[in-house]
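Peer 1: Chains as they are written, first to last, in the working numbering: chain A, 1 to 166; chain B, 1 to 168.
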Amino acid sequence: MSMPGFLLAAEHTPVAAAMRGELGWEWLFPIVETLHVISLAMVFGSIVMVDLRLAGATSRNSAVSRLSGEVLPYTWGAFICAVVTGALLFVSKAHVYFFNLQFQLKFLCMFLAGVNMAVFHFGAYRQVLVWDERHPPPRAARLAGALSIALWIGVIFFGRWIGFTT
Amino acid sequence: MLRITHHWANWIASTALSGWLQNEAWVVPTSQSIHIVSVSVVFCCAVMIDLRLLGLSASGRSVSQLVDTLVPWMYRALVVLLLTGLVQTVAEPVRQFVAPVFWWKMLLIIGVLALTVCFARAVRRNAAKWDTPTRPAGAKWFALISLGLWAGIIFCGRFIGYTWELYL
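1) Between the alpha carbons of residue 131/B and residue 49/A, how many angstroms are there, rounded?
2) For residue 99/A, which of helix, strand or coil comes out of DSSP?
3) Leaving aside the five residues before and after residue 57/B along the sequence, list all residues of the same chain whose C-beta is less than 8 Å from its C-beta, in chain order.
4) Counting C-beta neighbours from all protein chains within 10 Å, is the total for residue 36/A 16 or more, i.e. buried, or is it exposed?
5) Checking contacts by CB at 9 Å: is residue 133/B closer than that to chain A?
6) Within its chain, find whatever has a CB closer than 7 Å to the CB of residue 82/A; leave out the 5 residues flanking it on each side and keep chain order.
7) Could you tell me whether any Cβ in chain A is nearer than 9 Å to the Cβ of residue 62/B?
8) Just how far apart, CA to CA, sit residue 82/B and residue 158/B?
9) Say whether the stretch 105-116 of chain A touches the stretch 153-166 of chain A, bearing in mind that this needs 3 or more beta-carbon pairs closer than 8 Å, one atom from each stretch.
10) Tell me which residue opens and which closes the alpha helix (DSSP H) that residue 161/B is part of.
11) Given a limit of 7 Å on CB to CB distance, which residues of the stretch 153-166 of chain A reach chain B?
12) Quick one: residues in its chain with C-beta nearer than 8 Å to the C-beta of residue 179/B, no 5 flanking neighbours on either side, listed in chain order?
13) Could you say if the stretch 48-64 of chain A and the stretch 8-15 of chain A meet the contact criterion of at least three C-beta pairs nearer than 8 Å?
14) Please compile the residues from chain B whose C-beta is within a distance smaller than 8 Å of the C-beta of residue 110/A.
15) If contact is defined by three or more beta carbon pairs under 8 Å, each pair taking one atom from either stretch, is the stretch 89-96 of chain B in contact with the stretch 5-19 of chain B?
16) Distance check for residue 110/B and residue 20/B, CA to CA, integer angstroms please.
17) The stretch 141-160 of chain B: which residues have C-beta closer than 7 Å to a C-beta of chain A, in chain order?
18) Under 9 Å between the Cβ atoms of residue 99/B and residue 160/B?
19) Counting only the same chain and skipping the five closest in sequence on each side, list residues whose C-beta sits under 8 Å from that of residue 139/A.
20) Starting from residue 70/A and walking both ways along the alpha helix (DSSP H), at which residues does that stretch end?
21) Let me know if residue 97/B comes out buried or exposed under the rule of 16 or more other beta-carbons within 10 Å of its beta-carbon.
22) Taking C-beta to C-beta, are residue 149/A and residue 106/A nearer than 9 Å?
23) Short check: CB of residue 155/B to CB of residue 34/A, under 9 Å?
24) Taking 6 Å as the limit between beta carbons, can you name the residues of its chain near residue 133/A, skipping five residues before and five after?
25) Do residue 54/B and residue 140/B have their beta-carbon atoms positioned less than 9 Å apart in this structure?
26) In the structure shown, what three-state DSSP assignment does residue 29/A receive?
27) Using only CA atoms, which one of 152/B, 22/B, 60/B lies nearest to residue 105/B?
28) List the residues of chain A whose Cβ lies closer than 9 Å to the Cβ of residue 75/B, in chain order.
29) Compute the Euclidean distance between the alpha carbons of residue 128/A and residue 166/B, then round it to the nearest angstrom.
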């Protein structure tokens, strides 16, 4: 099936109809959207906490690996909730969102944030116990942290912008 | 009550500042995005402290350590939330003032702020008492109420946009 065909098929599901507010489900979209905001707040807040530490800006008395081990369960749990709520929002007007510039830029930022995390995780982070409590952290960590914050702010900005352009 | 707020909203909307904020198309979306970034900071800090108080998160930093590290960030983010909230309200006063959920949101914010300040003070005054596994009796209630209030504030905030036109 072609992409537009797949999108239209998604829009014709009962879930998508409910998300559009049809058949008395008017408040479903606002509720799911708010749950999406709550999820993304946890994703962003937790990521920024680790990123500021990587950048050497905060929590300098906490070892990177320990802070990261404490925070990452929140990040992953919240990310899963964000994906589920995001998918529900998406199917309500799948083809509109898919071809929306801000939507595409949001996912580009998320993709780049993921690449940045992977590069750091399989690179400098592998020797984290060496520089866990060093001040300032190594350049690779500071760069990864700063880039990550910038990209996730981008995800929030473009995400909010979708609402103004669809 | 809503007629009085409607009158004040129209007055603010007639000012030059409000006009400028409305006409610069980037102002409200940018302010809202900064608002969401700040919401994330406040909410994440609150959740981390509250889940610890409820015994639902892995050990790591103690309660007093979490409070010392995170509560100042909550206060800083709340200042940014106030400033961006002011920008958004001056830009679109009618939208905010006619919606009952906006006023509920303000009430909930005052409530959770008062609770948080009292809690932080109690922890600072007697850290040892809060760092033991058997915490003060009110700890779990504070955590549940705090979580409920913050989530409620986020719901109210989002629902301003969805309900204000019903009250015009």
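The C-beta atom is built at its ideal place from N, Cα and C for all residues, glycine as well.
Peer 2: Working from what's here:
1) 22 Å
2) coil
3) 48, 51
4) buried
5) no
6) 36, 39, 40, 43
7) no
8) 16 Å
9) yes
10) 138-163
11) 153, 156, 157, 160, 161, 164
12) A query on residue 179/B cannot be resolved here, the shown segment of chain B reaching from 1 to 168 and no further.
13) no
14) Within 8 Å Cβ-Cβ: nothing; residue 110/A doesn't reach chain B, min ~15 Å.
15) yes
16) 30 Å
17) 151, 154, 155, 158, 159
18) yes
19) none
20) 64-92
21) buried
22) no
23) yes
24) 63
25) yes
26) helix
27) 152/B
28) Result: empty, since nearest Cβ-Cβ is about 15 Å, beyond 9 Å.
29) 55 Å
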